[in-house]
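In this note's numbering, the protein residues as written are 171 to 309. In what follows, a single structure is set out as structure tokens and then discussed.
Structure representation (structure tokens):
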């Protein structure tokens, strides 16, 4: 919203800077979509459709250990189970929100990264080889 408001500024310099940022955001988004097309079908489907906004964790999301992790959430009258085949132990830290699915620095070895911003202000970063999603209607 802040960038959009700057596009309507009476200051031409502010509008020009906002326009450049807007254009860069579009380029970044197109690159992001191109990256998604390389993912396996289950991950691509999640990247294109999964929205966890206002979701509630049903299990304690950390500390997470082991090679496979299952996150259980409740969202919009559904139970959502996210199952990850881990590449390494998940990390939870306070940082800014970014794209939720991205190629990590280890993408050459098939490692992907899912970042989940939690209402506490923490960001859970999960590096994984494969991820599956299962949904079930509540009731």
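Glycine residues also receive a C-beta, built at the ideal position from the N, C-alpha and C atoms. The structure presented is a predicted model; accordingly, all values stated were derived computationally and were not measured.
Start-to-end residues for the beta strand (DSSP E) that takes in residue i
i           : result
residue 284 : 282-287
residue 241 : 238-245
residue 228 : No beta strand (DSSP E) contains residue 228, which DSSP labels as neither H nor E.
Distance between residue j and residue i (C-alpha atoms, nearest Å)
i           : j           : result
residue 202 : residue 282 : 13 Å
residue 186 : residue 193 : 11 Å
residue 197 : residue 248 : 34 Å
residue 182 : residue 173 : 14 Å
residue 296 : residue 226 : 18 Å
residue 180 : residue 188 : 12 Å
residue 177 : residue 204 : 27 Å
residue 212 : residue 299 : 12 Å
residue 252 : residue 294 : 13 Å
residue 242 : residue 208 : 26 Å
Buried/exposed call for residue i, threshold 16 Cβ in 10 Å
i           : result
residue 284 : buried
residue 250 : buried
residue 308 : exposed
residue 260 : buried
residue 199 : exposed
residue 228 : exposed
residue 264 : exposed
Simplified DSSP assignment, three categories, for residue i
i           : result
residue 256 : strand
residue 262 : strand
residue 298 : strand
N- and C-terminal bounds of the alpha helix (DSSP H) containing residue i
i           : result
residue 173 : 172-177
residue 194 : 182-206
residue 213 : 211-219
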